Structure formats: structure tokens, C-alpha cells
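First up is the structure itself, then whatever we jot down about it.
There are 2 protein chains.
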Amino acid sequence: MAKPRTPPIYTSPQDVALAFYQAFEAKDIEAMMSAWAEDEDIICIHPSGTRHVGYDAVRQSFEQLFAGEGKLGFRLEDLVSMETVGLAMQSAIEHVHSSQGGARGMVIATNVFMRTPTGWRLVMHHASPAPPVAVNVPSGPLH
Amino acid sequence: MAKPRTPPIYTSPQDVALAFYQAFEAKDIEAMMSAWAEDEDIICIHPSGTRHVGYDAVRQSFEQLFAGEGKLGFRLEDLVSMETVGLAMQSAIEHVHSSQGGARGMVIATNVFMRTPTGWRLVMHHASPAPPVAVNVPSGPLH
Chain Y
7 MAKPRTPPIY TSPQDVALAF YQAFEAKDIE AMMSAWAEDE DIICIHPSGT
57 RHVGYDAVRQ SFEQLFAGEG KLGFRLEDLV SMETVGLAMQ SAIEHVHSSQ
107 GGARGMVIAT NVFMRTPTGW RLVMHHASPA PPVAVNVPSG PLH
Chain L
7 MAKPRTPPIY TSPQDVALAF YQAFEAKDIE AMMSAWAEDE DIICIHPSGT
57 RHVGYDAVRQ SFEQLFAGEG KLGFRLEDLV SMETVGLAMQ SAIEHVHSSQ
107 GGARGMVIAT NVFMRTPTGW RLVMHHASPA PPVAVNVPSG PLH
């Protein structure tokens, strides 16, 4: 049986965001859930569109995701952040790729963080598919 | 020329949310933009998946939406809210219908509000299509 880990204390929303994506890439369910607030009102919306509400439902959704084959990697771009004393928000474009490097698509993500008595934690992750990027293909002959 | 309106001061996130959906239903662009913070970091993601960043881009996106035919109505369900001193979050399932009453679909929405010097304003609206609801059809004979 794995030794119980002491949950880390994240001192900023950025630290939680980093822990969230690292846990996602590593498929580490304990690390993933340490990034979330233990609250019945936390919310996770995966790109498939289902809304999971509450700690247990969010945990189950990640257990199911992590049970799948292969691993994912994330590169965040176009970050927009807002932060107040107790709540913070981050919007980003997630470039998702397989751990072998193949592109899997782009996702628009909204993350909301709350300062709890045990440091900053994630309370909301809303991910939805980004529309395909328009590629300008030259209309004339290439050469 | 329309008389310039004094922007209202919303004293709670709930008031802004109500103003947002009322302006959406009325296709009233000035009322809609009064619900938003005048900030270059505000973000609006419509169910089509495009992310609009900044006051001007968000305004343009609603001008384009409101130029379409017909009007929409919204009924919010399964609300989950979190509020701190300066920032608040709301998650809801939007049941969207045409003004004639026909159902248009379900949308998962995340709204984030900030307390500004001129009251609470919307800073983020992330909307994405909800998956079709599974209907339990009896597997045996109906009668």
C-alpha cells in the first residue's frame, strides 16, 4: 500500500496550476487531487462536456481519464490571469499532445483558484474544445 | 441618437448575472456591455469555441450575435456559486430556448465577477455545449 502523502501547501495560484498540469501529465491521481480544494462545490468540466460537481465526482472523473491508455502533455499559451486576495482566475489555450509528441488538439481552459486555510487550491476547471485554427493556404500555385 | 445611459452600479454578483442574461434576451448591446468590466483582460468564450479577450473584442462578439435573427431565452439550473470579498464565481447549466419557446440546447456556463470601484462586473463568461442528456428508455416491452 502506498504511504499516505502530506498534502502540499501551495502559496500561489500559479503553483497550483503547475501542480495540476504536472499531475495530469504524470497520471498521478493523489497529486491531482491535492491540487483541488476538498469541497463539495468544486467543479470540473472536461472537453467532452460533462460537468462533475464535488470532490468525489471530480476524483472519479480523473480516475477514469487516467485509466485510459497513453499519457498527455500540455503547453499553455495566451495566458490571462486575474487575482484578488481570496480568489484567482486563469484563462489559457492548452495545446495538448501525446507523450510521444503528436498533437492532440487545442482546448480553451478556465481555472479558478481559492485561498483556503491550507493554501491555494483549484476550485474550478472548465475545458472546452477550441475551434480548428484557420490555416491560410496559398490559393495560387506553390512554385 | 440614443441618450447616453449612466452605467448601473451592481451591488452583488447575482445582480450582474441577472443583468447579463436580461441584456442577452433583449439583445441590448449597451446593457450587455454595462454588465462587463471595462478591462482589456475580460474574456468571453461562446459555445462556438472562440475566445474573445478585451472589452472591444467582447463587444464585437455580442454585436455580431445580436445581429442574427430571432431572440434567445435562458433558464439557469444547477447553480453552484462561490464568493469572496473581491471575486465571485458561478457555474450553471443554461437551458437555451428561442423567444418562441422552442428548445435550442443546453450550455455549461462559468461566470466570474469582480468587485470594481463602480460595483460588481462580469470579467469572464465561458460557455460550452453540454452533452446530450441520456434518456433511460425501458428495455422491456412498453405494454
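Read top to bottom, the protein sequences are chains Y and L.
Start counting the first sequence at 7; every next residue gets the next number (my numbering).
Start counting the second sequence at 7; every next residue gets the next number (my numbering).
Here a beta-carbon is modelled for each residue, glycine too, at the ideal position from N, C-alpha and C.
As the structure is a computational prediction, the values presented were derived from the model and not from experiment.
Chain-ordered neighbours of residue i on chain Y, where CB pairs are closer than 7 Å
i	result
L:H52	By Cβ distance, chain Y contributes nothing, its closest Cβ being about 10 Å from L:H52, past 7 Å.
Chain L residues whose Cβ lies nearer than 8 Å to that of residue i
i	result
Y:G92	T90, V91, G92 and L93
Same chain, Cβ closer than 8 Å to residue i, five either side skipped, listed in chain order
i	result
Y:T17	G125 and W126
Y:P14	A25, S40 and G125
Contacts of residue i in chain Y (Cβ-Cβ under 9 Å)
i	result
L:G125	Within 9 Å Cβ-Cβ: nothing; L:G125 doesn't reach chain Y, min ~15 Å.
L:P13	The premise fails here: L:P13 is roughly 20 Å from chain Y at the closest Cβ pair, so nothing lies under 9 Å.
L:S97	D47, I49, I51, R57, V59, M130 and H132
L:T17	Neighbours of L:T17 on chain Y: none; closest Cβ ~17 Å, over 9 Å.
Cβ shell of residue i (< 7 Å), same chain only, five flanking positions each side left out
i	result
L:M96	Note on identity: in this sequence residue 96 of chain L is Gln, with Met being the wrong assignment. Cβ within range, chain order: P19, A23, L85, S87 and N117.
Residues near residue i by beta carbon distance below 6 Å, same chain, minus five either side
i	result
Y:G92	R121
Y:A94	P19 and F119
Y:H58	C50, V64 and S67
Y:H132	I51 and T116
Y:R81	H101
Chain L contact residues for residue i, given Cβ-Cβ distances below 7 Å
i	result
Y:P135	G55
Y:V86	D47, I49 and V59
Y:T116	T116, M130 and H132
Residue i: CB within 6 Å of a non-hydrogen atom of the ligand GTP
i	result
Y:S104	You won't find the ligand GTP in this model; it holds no ligand whatsoever.
Host beta strand (DSSP E) of residue i (start-end)
i	result
L:M106	Checking the sequence shown, residue 106 of chain L turns out to be Gln, not Met. Run containing L:Q106: none; DSSP gives neither H nor E here.
L:A133	G125 to P135
L:V91	Premise fails: L:V91 is in no beta strand (DSSP E) and is neither H nor E.
Extent of the continuous alpha helix (DSSP H) to which residue i belongs
i	result
Y:P19	P19 to A32
L:I49	Per DSSP, L:I49 belongs to no alpha helix (DSSP H); it is in the beta strand (DSSP E), I49 to I51.
Y:S67	Y61 to A73
L:A41	I35 to A41
(request) Flag this pair as touching only if the segment 108–115 of chain L and the segment 113–120 of chain Y have three or more C-beta atom pairs under 8 Å; answer yes or no. (result) Per the Cβ contact rule, the segment 108–115 of chain L is not in contact with the segment 113–120 of chain Y (fewer than 3 Cβ pairs under 8 Å).
(request) Decide if the segment 23–31 of chain L is in contact with the segment 91–105 of chain Y; the criterion is three or more beta carbon pairs, one per stretch, under 8 Å apart. (result) Too few Cβ pairs lie closer than 8 Å, so no.
(message) Any C-beta of chain L within less than 8 Å: which residues of the segment 22–52 of chain Y qualify?
(response) If the cut-off is 8 Å between Cβ atoms, the segment 22–52 of chain Y has D47, I49 and I51 near chain L.
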